[in-house]
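A short write-up of the structure that comes next.
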Amino acid sequence: MTKNVYTVGQVNSYIKNMFAQDFMMNRIYVKGEVSNCKYHTSGHIYFTLKDETGAMPAVLFAGSRKGLAFTMKNGDNVIVLGSISVYERDGRYQLYAKEILLDGEGLLYRRFQQLKQELEEMGMFAPEYKQPIPKYIRTLGIVTAPTGAAIRDIQNITSRRNPYVQTVLYPALVQGDGAAASIVNGIFALEQLGVDLMIVGRGGGSMEDLWAFNEEIVARAIFDCTVPIISAVGHETDTTIADYVADLRAPTPSAAAELAVYDIRELEGTLLSFRLELNRNISQKLQWAEERTRQFRDRMKLLSPQGQLNEKRQTAADLEDKLHMRMEQQLVQKKHEMELLAERLEALSPLKKLSQGYSFVAGQKGQGICDAAAVTPGDMLNIHMLNGKVAAKAVEVELRPERHV
């Protein structure tokens, strides 16, 4: 009888091992309403999941808080991913949470995260596979619903920015059953048509409304398409798998149209500025060429035989002018010197002395007599005057006494 008696701890441990060996209990999704939610100072969160049929204690340890993307509170309807085990001390089982999602979009969000991770691991989001968006296009393909704000916004902005761009709409289902296949068919059809660029998207909505753009077949169609694709799904805060795979993501359909179609007015302004700059550069080049041509022409004139002759002739003429000028200067100088000598000569001229009443006395042989001692009484003398000569005979010689200065 005593062999079948177990301690409380043994029973709790046995039950815990049963939970541990059950694969389903190790990874299970449990849905319910949050109650008794308490944030402990240690970082753990203790709460109870309940529905109309029962309740279950649960805990999210601090190390798993990254699995909670919102602030959980009483009354929230959530889906908890975790494991169920027995807390041996109290002998009760509880849910050990690893990830907590809000109910409704919770399962979809989980599917979204799983597919996103799978495709990312395949390299479908890698930037090296992104095709460049052409700057200037002639045809724009659009995969979206034929009615609604998205197509109106895209067409209005396209016609305003460049009325010469042709838009081709593939009227696709963007919500509900068959939407993903319709989007894929639209991408394939516009690719076969040979459009230059494609916009794939729709207006805003809930995650369920946008779910077609989270389907794997849509992601693969976008990735395999040889035509560059801009995704434009929902509002700026909405993000889908298509946004990650597309070559470029636009926050809204309107923004997609602006990214796809170059504003022709800006292009015209750019071309005008280029033309003005080109004309200015051409004018500068022509002026430079004309100046260089003029310099070469002047150099050719100087280096040509005729130019050399002209230069030598000019040099000879300049030298001749300088020679004439120097000769004139020499003549003037010599003339001036002659005038000075003439004045000095005139001052020494005997005729001038004679004209002043003086006479010139010469001996019989014509020699000039300047000393009275050289005359002897009886000598014949010739006295020359201005207008003639007088023959005279020395009668008496009188000598003056010498003066001493």
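The working numbering puts the first residue of the sequence shown at 127, with every later residue one more than the last.
The beta carbon of each residue, even a glycine, is placed where N, CA and C say it ideally should be.
Secondary structure of R526, DSSP reduced to three states: Here residue 526 refers to the residue found at position 400 when the sequence shown is read from its first residue. Three-state result, R526: coil.
Nearest-angstrom Cβ-Cβ length linking V206 and L266, presumed shorter than 8 angstroms: As a working mapping, residue 206 is identified with position 80 in the sequence shown. As a working mapping, residue 266 is identified with position 140 in the sequence shown. That pair is no contact at about 46 angstroms.
When I280, V487, P527 are compared against A520, the one with the closest alpha-carbon: For the purposes of this step, residue 520 is identified with residue 394 of the sequence shown, where counting begins at 1. Among I280, V487, P527, the Cα nearest to that of A520 is on V487.
Backbone secondary structure at I367 - three-state DSSP: Taking the first residue of the sequence shown as position 1, residue 367 is located at position 241. In the structure shown, I367 sits in a helix (DSSP, three-state: H, G or I).
Euclidean distance between Cα positions of V359 and I348: The count along the sequence shown starts at 1 and reaches residue 359 at position 233. The count along the sequence shown starts at 1 and reaches residue 348 at position 222. Here the alpha carbons of I348 and V359 stand approximately 13 angstroms from one another.
Stretch-stretch touch, CB-based, cutoff 8 angstroms, three pairs: the region 240–256 with the region 186–195: no
Run of the alpha helix (DSSP H) containing D177, from where it starts to where it stops: Along the sequence shown, one-based indexing puts residue 177 at 51. Here D177 belongs to no alpha helix (DSSP H); instead the beta strand (DSSP E) covers 171–177.
Beta-bridge pairing of F314 - partner residues as DSSP gives them: Here residue 314 is taken as the residue at index 188 of the sequence shown, counted from 1. Note: F314 is not bridge-paired with any residue in the DSSP secondary-structure output.
Collapsed DSSP secondary structure at Y235 in the structure displayed: The count along the sequence shown starts at 1 and reaches residue 235 at position 109. Y235 falls in the helix class under three-state DSSP.
Where Y140 sits in the DSSP three-state scheme: Locating residue 140 in the sequence shown gives position 14, counting from the first residue. Y140: helix per DSSP, three-state reduction.
Cβ shell of M182 (< 6 angstroms), same chain only, five flanking positions each side left out: The residue labelled residue 182 in the question sits at position 56 within the sequence shown. Excluding residues within five positions, the ones whose Cβ falls inside 6 angstroms are L175, L221.
Burial state of T363 (16 or more Cβ within 10 Å): One-based indexing of the sequence shown puts residue 363 at position 237. The residue is exposed, with fewer than 16 neighbouring Cβ atoms inside 10 Å.
Where H566 falls: helix, strand or coil (DSSP): Here the chain covers residues 127 to 531 and nothing more, so residue 566 does not appear.
Ordered list of alpha helix (DSSP H) runs contained in the region 268–292, each at least 4 residues: You should have 275–287.
Rounded Cβ spacing between V269 and I210 (contact assumed at less than 8 angstroms): Position 143 of the sequence shown, counted from the first residue, corresponds to residue 269. Position 84 of the sequence shown, counted from the first residue, corresponds to residue 210. Actually they are not in contact, since the Cβ atoms of V269 and I210 sit about 46 angstroms apart, beyond 8 angstroms.
Segments assigned alpha helix (DSSP H), at least 4 residues, entirely inside the region 417–490: 431–474, 476–481
V131 versus L228 - alpha carbon distance: Taking the first residue of the sequence shown as position 1, residue 131 is located at position 5. Taking the first residue of the sequence shown as position 1, residue 228 is located at position 102. Approximately 45 angstroms, taken between the alpha carbons.
Residue of D497, C351, E342 minimising C-alpha distance to I367: Indexing the sequence shown from 1 puts residue 367 at position 241. Here the closest residue by C-alpha is E342.
Inter-residue spacing [alpha-carbon to alpha-carbon] between Y213 and N152: On the sequence shown, residue 213 is found 87 positions in, with the first residue counted as 1. On the sequence shown, residue 152 is found 26 positions in, with the first residue counted as 1. Their backbone Cα atoms lie some 15 angstroms apart in a straight line.
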